[in-house]
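Asks: Protein sequence lines, in the order shown, are assigned to chains C and Y.
Quick note: the first sequence uses the numbering used here, first residue 580, plus one each step.
Quick note: the second sequence uses the numbering used here, first residue 110, plus one each step.
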Amino acid sequence: MTESDASLVARVRLGDAAAFEVLMRRHFRAAYLVALARVGERADAEDVCQEAFLRSWERIHECREPERFAAWLVRIVRNTALNRREYLDVRTSELLDDSTAAAPSRTDQRAETLELRDTLQRALVQLPVVQREVVLMHDVEGWQHADVAARLGISALMSRRHLSDARKRLRAILGNFATLMPDHD
Amino acid sequence: MTDETKHDGRLDLDALAPTEAETERVVAAVMARLPYRERLETPTGDGPPLIDAMADLLPSAWIAAAAALITAGSILAVTRGRAAAGSDATLEGTVASWTAEQHVPSNAELLATFQGYHR
């Protein structure tokens, strides 16, 4: 039986590092996607996650609703990413400038996967941050609009609107590239 | 990639999700930096309840132990003093009776009376 977040948080408060590792693995994907939406670069998203998880360990006694640990963690990740953005302005503008450049030539399947990822990433950073967060949480992490809204501090209606806008914009950006991608059906 | 499901128009952006290598890298880095040992060994007001309770009890426990030692020492000193005084009176009485009776004590009587060779 899977141990609840609330139970794990209680153990973490007693200094249980193993319980913290379980929480971290459980919520890493969501934390990473939120970080990626904010900073736009995978290596930076990793750094943000690392710092955010350490902060959550140090401030675990501030988690007032342990059963909603995920939402609390997302807030820490967003704040951490926001601070990091201040150091990344130059790099981000370079990334946006490169968004129309051709991706490096690769031949094998792994290279294709990496190329797909690069292309998606370049498309993603052209969206407003909130749209990136909503589309990643909804379409990659599989959260419902109510969950997305609660974690981002917006209404469910706005979550739907952001998702719709994000999808339209991504389709427009990716355009013909979509026809080159593997069939997922 | 822009595979949209038939029902909700979901975009396939799975390629953006973290890889296993990325996950393990971050988890390992965080676990290596957790200061949990310090937290367990230097309890503060925010520490685990049991350790905090022990920390609170320590001063009063030391005071109680010191008081108990002093009390036990005093009782022991008084008891030994009384025992020694009683023993001296008995010894003098026995020796006096031997003298009056002109009795020559055996080794066994001497040992029993003087309780060994130390007196």
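Backbone N, C-alpha and C fix where the C-beta goes; we use that ideal spot for every residue, glycine too.
Please determine if the segment 596 to 604 of chain C and the segment 689 to 708 of chain C are in contact, where contact requires at least 3 C-beta pairs separated by less than 8 Å.
Replies: They do not touch, by the three-pair rule.
Asks: State the Cα-Cα distance for the pair leucine 122 (chain Y) and serine 734 (chain C), rounded to the nearest angstrom.
Replies: In a straight line, the C-alpha of leucine 122 (chain Y) is about 23 Å away from that of serine 734 (chain C).
Asks: Output, in chain order, the set of chain Y residues within a Cβ distance shorter than 8 Å of tyrosine 666 (chain C).
Replies: Near tyrosine 666 (chain C) there are no residues of chain Y at all, since even the closest Cβ is about 19 Å away, more than 8 Å.
Asks: For alanine 631 (chain C), which residues in the same chain have their Cβ closer than 6 Å to its Cβ, ignoring the five residues on either side in sequence?
Replies: Same-chain partners within the cutoff: Ile655, Val656 and Thr659.
Asks: Does methionine 716 (chain C) pass the burial test, meaning 16 or more other C-beta atoms within 10 Å, or should it be called exposed?
Replies: It counts as buried.
Asks: Would you say leucine 178 (chain Y) faces chain C, with C-beta separation under 9 Å as the test?
Replies: No, leucine 178 (chain Y) lies away from the interface with chain C (no Cβ there is under 9 Å from its Cβ).
Asks: In angstroms with no decimal places, state the Cα-to-Cα distance between serine 586 (chain C) and alanine 729 (chain C).
Replies: Approximately 21 Å, taken between the alpha carbons.
Asks: With distances taken Cα to Cα, identify the nearest neighbour of isoleucine 639 (chain C) among C:Ala622, C:Val588, C:Tyr611 and C:Arg617.
Replies: Nearest of C:Ala622, C:Val588, C:Tyr611 and C:Arg617 to isoleucine 639 (chain C), Cα basis: C:Val588.
Asks: For glycine 754 (chain C), does the three-state DSSP call read helix, strand or coil?
Replies: The answer is helix: DSSP assigns glycine 754 (chain C) an H, G or I state.
Asks: Indicate whether at least one CB of chain Y lies closer than 9 Å to the CB of leucine 749 (chain C).
Replies: Yes, leucine 749 (chain C) lies at the interface with chain Y (some Cβ there is under 9 Å from its Cβ).
Asks: If you reduce the DSSP assignment to three classes, tell me which class glutamine 700 (chain C) lands in.
Replies: Helix.
Asks: Just to make sure I have the definition right: I need the residues of chain C whose C-beta is within less than 8 Å of the C-beta of glycine 118 (chain Y). Which are they?
Replies: Arg746, listed in chain order.
Asks: Given that glutamate 131 (chain Y) touches chain C, what residues does it touch there, using C-beta distances under 8 Å?
Replies: Result: Tyr611, Arg621 and Glu625.
Asks: Could you tell me if serine 583 (chain C) is buried or exposed, where buried requires 16 or more neighbouring beta carbons within 10 angstroms of its beta carbon?
Replies: Result: exposed.
Asks: Distance cutoff 9 Å, beta carbons only. Does valine 709 (chain C) sit that close to anything in chain Y?
Replies: By this cut-off, valine 709 (chain C) is not an interface position.
Asks: Which of the three DSSP states is assigned to aspartate 595 (chain C) in this structure?
Replies: Coil, per DSSP.
Asks: Determine the direct distance from the alpha carbon of valine 618 (chain C) to that of glutamate 625 (chain C), and round the result to whole angstroms.
Replies: Distance between the alpha carbons of glutamate 625 (chain C) and valine 618 (chain C) is about 10 Å.
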